[in-house]
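Which chain is which? The protein sequence lines are X, E and R, in order. So the first sequence is numbered by full-length UniProt numbering: it starts at 1 and just counts up by one. So the second sequence is numbered by full-length UniProt numbering: it starts at 1 and just counts up by one. So the third sequence is numbered by full-length UniProt numbering: it starts at 1 and just counts up by one. The beta carbon of each residue, even a glycine, is placed where N, CA and C say it ideally should be. First up is the structure itself, then whatever we jot down about it.
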Amino acid sequence: MPELRIENLTKRFKNETVLDGVSFTVAEGETTILFGPSGAGKTVLLRCIAGAVDPEEGRITIGGNDISDVPPEHRGIGMAFQNFALFPHMTAFDNIASPLTARRWSREKIQEGVEQVAKLLKIGHVLSHPPRALSNGQKQRTALARALAASPEILLLDDPLRNVDAKLRFEMRLELPRLLADQGATVIYVTQDYKEAMALGDRIAVLSGGRIAQIGTPEDIYRRPASVEIARHFGDPTINLLDVVPEKDGGGVFTRLSDQRVPLDSGLEAAVGRDCVLGLRPEALRFSDSPDGIPVEIEAETPFNEKTVTLVVTARKREILISRPAGTAAPGSGTARIEVDATDALLFDRATQERIAPQHRGGGKSEAAA
Amino acid sequence: MATASDTSIPRRRFSVSRRVLPYLLSLPALLVCIAILVPFFTAVFYSLQRFRLSQPWNRGMNWGENYLNFLSDPDFWNTLQVSLTYAFLTVGLELLLGLGIALLLKKRSRLNNFISIMLLMPLMTAPALAALMWKLMTNPNFGILSYFAAQLGFPDFRWGSSPDTALFTVLLVDIWVYTPFIMILLLAGLRSLPTQPFEAAALDGVPRVQQFWRITLPMLTPYILTASLFRLLDSIQQFDIIYALTQGGPGDTLMVFQVEAYLNFFQSMNVGRSAALLMILWVITYFLSNIFIKNWLRLRERARGEA
Amino acid sequence: MDHMSPVEKGLRGIALSAVVLFFMFPIFWIVLMSLQTNETILRSPPSMVFEPTFRNYIAIVTGKLDSNVASMDITFMRNLWNSILLSAGSVAVALLLGVPAAYAFARHKFRGSEEVAFTLLSFRFAPPLLVLLPLSLYFQQIGLANTYIGLIWVYQLICLPLILWIVRGYFEDISPDLEHAYRIAGHSWLSTFRRIALPLAGPGIAAAGLLAFIFAWNNFIFALVLASADKQPVTVGALAFVTASGIQYGQIAAAIVLSIAPTLALALYAQRYLVEGLSLGAVKG
Numbered sequence: 001m002p003e004l005r006i007e008n009l010t011k012r013f014k015n016e017t018v019l020d021g022v023s024f025t026v027a028e029g030e031t032t033i034l035f036g037p038s039g040a041g042k043t044v045l046l047r048c049i050a051g052a053v054d055p056e057e058g059r060i061t062i063g064g065n066d067i068s069d070v071p072p073e074h075r076g077i078g079m080a081f082q083n084f085a086l087f088p089h090m091t092a093f094d095n096i097a098s099p100l101t102a103r104r105w106s107r108e109k110i111q112e113g114v115e116q117v118a119k120l121l122k123i124g125h126v127l128s129h130p131p132r133a134l135s136n137g138q139k140q141r142t143a144l145a146r147a148l149a150a151s152p153e154i155l156l157l158d159d160p161l162r163n164v165d166a167k168l169r170f171e172m173r174l175e176l177p178r179l180l181a182d183q184g185a186t187v188i189y190v191t192q193d194y195k196e197a198m199a200l201g202d203r204i205a206v207l208s209g210g211r212i213a214q215i216g217t218p219e220d221i222y223r224r225p226a227s228v229e230i231a232r233h234f235g236d237p238t239i240n241l242l243d244v245v246p247e248k249d250g251g252g253v254f255t256r257l258s259d260q261r262v263p264l265d266s267g268l269e270a271a272v273g274r275d276c277v278l279g280l281r282p283e284a285l286r287f288s289d290s291p292d293g294i295p296v297e298i299e300a301e302t303p304f305n306e307k308t309v310t311l312v313v314t315a316r317k318r319e320i321l322i323s324r325p326a327g328t329a330a331p332g333s334g335t336a337r338i339e340v341d342a343t344d345a346l347l348f349d350r351a352t353q354e355r356i357a358p359q360h361r362g363g364g365k366s367e368a369a370a
Numbered sequence: 001m002a003t004a005s006d007t008s009i010p011r012r013r014f015s016v017s018r019r020v021l022p023y024l025l026s027l028p029a030l031l032v033c034i035a036i037l038v039p040f041f042t043a044v045f046y047s048l049q050r051f052r053l054s055q056p057w058n059r060g061m062n063w064g065e066n067y068l069n070f071l072s073d074p075d076f077w078n079t080l081q082v083s084l085t086y087a088f089l090t091v092g093l094e095l096l097l098g099l100g101i102a103l104l105l106k107k108r109s110r111l112n113n114f115i116s117i118m119l120l121m122p123l124m125t126a127p128a129l130a131a132l133m134w135k136l137m138t139n140p141n142f143g144i145l146s147y148f149a150a151q152l153g154f155p156d157f158r159w160g161s162s163p164d165t166a167l168f169t170v171l172l173v174d175i176w177v178y179t180p181f182i183m184i185l186l187l188a189g190l191r192s193l194p195t196q197p198f199e200a201a202a203l204d205g206v207p208r209v210q211q212f213w214r215i216t217l218p219m220l221t222p223y224i225l226t227a228s229l230f231r232l233l234d235s236i237q238q239f240d241i242i243y244a245l246t247q248g249g250p251g252d253t254l255m256v257f258q259v260e261a262y263l264n265f266f267q268s269m270n271v272g273r274s275a276a277l278l279m280i281l282w283v284i285t286y287f288l289s290n291i292f293i294k295n296w297l298r299l300r301e302r303a304r305g306e307a
Numbered sequence: 001m002d003h004m005s006p007v008e009k010g011l012r013g014i015a016l017s018a019v020v021l022f023f024m025f026p027i028f029w030i031v032l033m034s035l036q037t038n039e040t041i042l043r044s045p046p047s048m049v050f051e052p053t054f055r056n057y058i059a060i061v062t063g064k065l066d067s068n069v070a071s072m073d074i075t076f077m078r079n080l081w082n083s084i085l086l087s088a089g090s091v092a093v094a095l096l097l098g099v100p101a102a103y104a105f106a107r108h109k110f111r112g113s114e115e116v117a118f119t120l121l122s123f124r125f126a127p128p129l130l131v132l133l134p135l136s137l138y139f140q141q142i143g144l145a146n147t148y149i150g151l152i153w154v155y156q157l158i159c160l161p162l163i164l165w166i167v168r169g170y171f172e173d174i175s176p177d178l179e180h181a182y183r184i185a186g187h188s189w190l191s192t193f194r195r196i197a198l199p200l201a202g203p204g205i206a207a208a209g210l211l212a213f214i215f216a217w218n219n220f221i222f223a224l225v226l227a228s229a230d231k232q233p234v235t236v237g238a239l240a241f242v243t244a245s246g247i248q249y250g251q252i253a254a255a256i257v258l259s260i261a262p263t264l265a266l267a268l269y270a271q272r273y274l275v276e277g278l279s280l281g282a283v284k285g
């Protein structure tokens, strides 16, 4: 299975630049998630790779071969569309068989191939139905089966779970990783759902305004988001963002919340005195009895199945969300104190909205945002 | 699922580039299009010539003379007047009738649908043949309409052959053929109107006559406009019905543009004048068609949006 | 809307009856006339009571008219054949040229595409004689005069815009993703066009073709200017027939019935698409 490399890809529609010099590489057999809000250019990027749209600039190579001039049918790609794009005048069987007929397989082999992939996706019983007779979930599986049928080396999945209901999405999210691993294909998977991105991706490429804002492992993206925007997209409830100005004294770098010291990573010395945004994940906060804790007023509590989210307000009327595993004890109402883990606090430059990475021993680990 | 060898796709000998393809596909239609532009420009050229087929030796450019002559040519003014009268009368009457019938048939019922389909039959009849049918019906010897006219106290009603009633007769045929066109367009329009405004008006006790003026008519306007312009464009060029019924006569009663141009060309053999007449008609239709196409496009976008 | 007074109901009924009478009567009457002999036609007052006869139709179909005065040849079957040939030929050519172009205009917004599409459309509204009169001179020179090919080419003025604009709408309604999906699955452009675009636009193509056929059939002026007697379709032929046959009214009526029957039948068959076709896709039926 080959490596897929995208270099400096640029696509304009009329005067609007949809993709603006996008470059990244998907290693052999790896699943890369293309994540971003709608209109970020994810679908266009996928279409450029598939050959449905011609980019203005840039190169796409598969296993080192430039495919810019290769028509879509010779790129050896499998693709599943967000709207399924099932051929309405063909049965599910013929839909799934379409990549195999193109490869001039014999009738028996096609039969065998379709049945095999249909069994894998549990749609063997609806193969004779036309798409309009299929449920949404069956349509989605048929579309996926069609993309997988010819065992393509490159698999492009355009938000395949977008148009199915929550229950099915949950099931598929569990099923897909195994399916993709079995295929061994190099996969690009588009989604707007951060949980899907975290669950399915070896790596996540965050697309924003036609550019790659950050690319990294799910852990990277979550722990070390390159910008306020990315931090906000990943995590539920959304990250708490508070305007602060870091200070420094003998005890190290810190900032204040309600006159209480919030210690920061010692590598953040460069941020001292600058206008910053402090990012605190709701799950990185906890209630505490310590007198050093930040005093807050508890406003509301919302229990979810696996966690409980509490909305609290600081003395300066700043709202903060706190998340804790369901069933753990916490003060119910009134005043309380909360504590912050210094290692979990994220600091962003307020002007550029970019994260200020801690500097340890000469630069430390590379976390450069592309 | 597949071995490496059969995952490749058989290559064809040639493949057409994405950039060339659309031009290639539309090229044949384009050529036909261009080929039709040639006679068009020839006509423009003829209109600037002194050109009679009967006097080939006398042919030559006379530039705007054909057009200038029109200014003092009573026949031309007659043609212009007859054409405009014909066009506006037919479209006006057909609009009133068509709207009335569409309102009668608005409710979807089996009978109404059946009637609206039956009413398509005149529209699908070739106008020239429709004119012949009416010619038979108005035949003084056995025509059923002549008989009715006589019964009603007009024993000498001469229909198409009298200058007094020729216009009336061709109007009847035009109305017979084309009212269904306006009717089905307006019917489709009426049936596609949202029902909420009407329900709200009915709840508020707005009388139905007022509902028509305040809600139906304004909402139907784009359809009315498109249908009328469409018809106006056709009607000002009417040839078939008039030619088949009276050949523009009696006298010059019905000498509309195209009939006059046709007779100029084939009877007087005055190609120059014929072409100049048609150019003037073309200018009129060109302006009308520009307005029409704008309306039509808007309606088309809407229809496609609803689909 | 449903609570109508009996008076209103009655008025509506009368109005509808009048409408149906006005629009249906001429066809009804001409059919009756075609089934009568000249003697019963010329009776006064006219009567609905008569012995129907197919003599008029037989005379036209066999091409021989034997009256007590003389024997006469009727070439009207030739006109019918010409109509069929011209209409079918024109539609075939228009489909061949128009469907690929409609696809190109629908899928690829290439430079000048809108302009070309509109130019084609504007032909629909230009005075036909403007093009026909110069053509009648050209056709003499280039040997297209009095050929089917020449006529079929000119008939594209009616058929091509119709097909282009209706079929284009149908192609635009097909999601481009369907075609992308088929190509990505490994099929060539051509096979995608044949297996996806054409079948899905099929109903629209059929409807546009039928309508184009009807319009070509009903056309009068093109053949009047460009065709001589042996190439004339029914519209022109019927007019000539009236002049030639003089007082054979029954045959004239039968000829008219034979001439309008095909389009009426097609129209009833395709009535679902008529609204859309007649308005060039501006109104959905």
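Excluding the five sequence neighbours on either side, which residues of its own chain have a C-beta within less than 8 Å of the C-beta of residue i, listed in chain order?
| i | result |
| --- | --- |
| R/A104 | F110 and S113 |
| R/M33 | I41, Y249, G250 and A253 |
| R/A88 | F213 |
If residue i and residue j are in contact, beta carbons under 8 Å, what's the gap, nearest whole angstrom?
| i | j | result |
| --- | --- | --- |
| X/V190 | X/L34 | 5 Å |
| R/A238 | E/L129 | 6 Å |
| E/R298 | E/P222 | 7 Å |
| R/L226 | R/S136 | 6 Å |
| X/R350 | X/D243 | 7 Å |
Out of the options, state which residue places its alpha-carbon closest to the alpha-carbon of residue i.
| i | options | result |
| --- | --- | --- |
| E/A227 | E/W159, E/I284 and E/T90 | E/T90 |
| X/E56 | X/R261, X/R355 and X/T17 | X/T17 |
| E/P140 | R/L278, R/S44 and R/F23 | R/S44 |
| X/G251 | X/V262, X/L241 and X/D243 | X/V262 |
| R/I27 | E/L278, E/S274, E/P127 and E/K106 | E/P127 |
| X/I320 | X/F93, X/G210, X/T328 and X/P295 | X/P295 |
| X/A133 | X/I215, X/F87, X/R256 and X/E301 | X/F87 |
| X/V53 | R/E8, R/N56 and R/R107 | R/R107 |
| E/F76 | E/E260, E/E301, E/G189 and E/A35 | E/E260 |
| E/V170 | E/Q247, E/V32, E/P155 and E/I184 | E/Q247 |
| X/V228 | X/G210, X/R12, X/V206 and X/Q116 | X/V206 |
| X/A181 | X/R318, X/D202 and X/D292 | X/D202 |
| X/K195 | X/G293, X/L161 and X/L346 | X/L161 |
Grab me the residues of residue i's own chain with a C-beta within less than 6 Å of its C-beta, minus the 5 sequence neighbours each way, in chain order.
| i | result |
| --- | --- |
| R/I14 | none |
| E/Q258 | Q237 and F239 |
| X/M198 | P218 |
For residue i, which three-state DSSP category applies?
| i | result |
| --- | --- |
| X/E269 | helix |
| E/D240 | helix |
| E/M61 | strand |
| X/T247 | First, the amino acid is wrong: residue 247 of chain X is Glu here, not Thr. In the structure shown, X/E247 sits in a strand (DSSP, three-state: E or B). |
| E/R304 | helix |
| X/T238 | coil |
| X/M198 | helix |
| X/L19 | strand |
| E/A2 | Reliability of the predicted coordinates at E/A2 is poor, the pLDDT of 42 falling under 50, and the value obtained from them is presented with this limitation in mind. Three-state result, E/A2: coil. |
Grab me the residues of residue i's own chain with a C-beta within less than 7 Å of its C-beta, minus the 5 sequence neighbours each way, in chain order.
| i | result |
| --- | --- |
| X/A118 | I96, G124, L127 and A145 |
* Per the contact definition of three or more C-beta pairs closer than 8 Å, is the segment 92 to 102 of chain E in contact with the segment 209 to 217 of chain R? -> Between the segment 209 to 217 of chain R and the segment 92 to 102 of chain E, the count of C-beta pairs closer than 8 Å stays below three; the two stretches do not touch.
* Give a yes or no on contact between the segment 274 to 288 of chain X and the segment 338 to 357 of chain X, applying the rule of three or more CB pairs nearer than 8 Å. => The answer is yes - the segment 338 to 357 of chain X touches the segment 274 to 288 of chain X, with three or more Cβ pairs under 8 Å.
* Validate contact between the segment 141 to 161 of chain X and the segment 86 to 103 of chain X using beta carbons, cut 8 Å, 3 pairs -> Put simply, the segment 141 to 161 of chain X touches the segment 86 to 103 of chain X. At least three CB pairs are less than 8 Å apart.
* **Cβ contact check for the segment 143 to 150 of chain E and the segment 188 to 199 of chain E: 3 or more pairs under 8 Å** => The segment 143 to 150 of chain E, when compared against the segment 188 to 199 of chain E, does not touch it at the 8 Å Cβ threshold.
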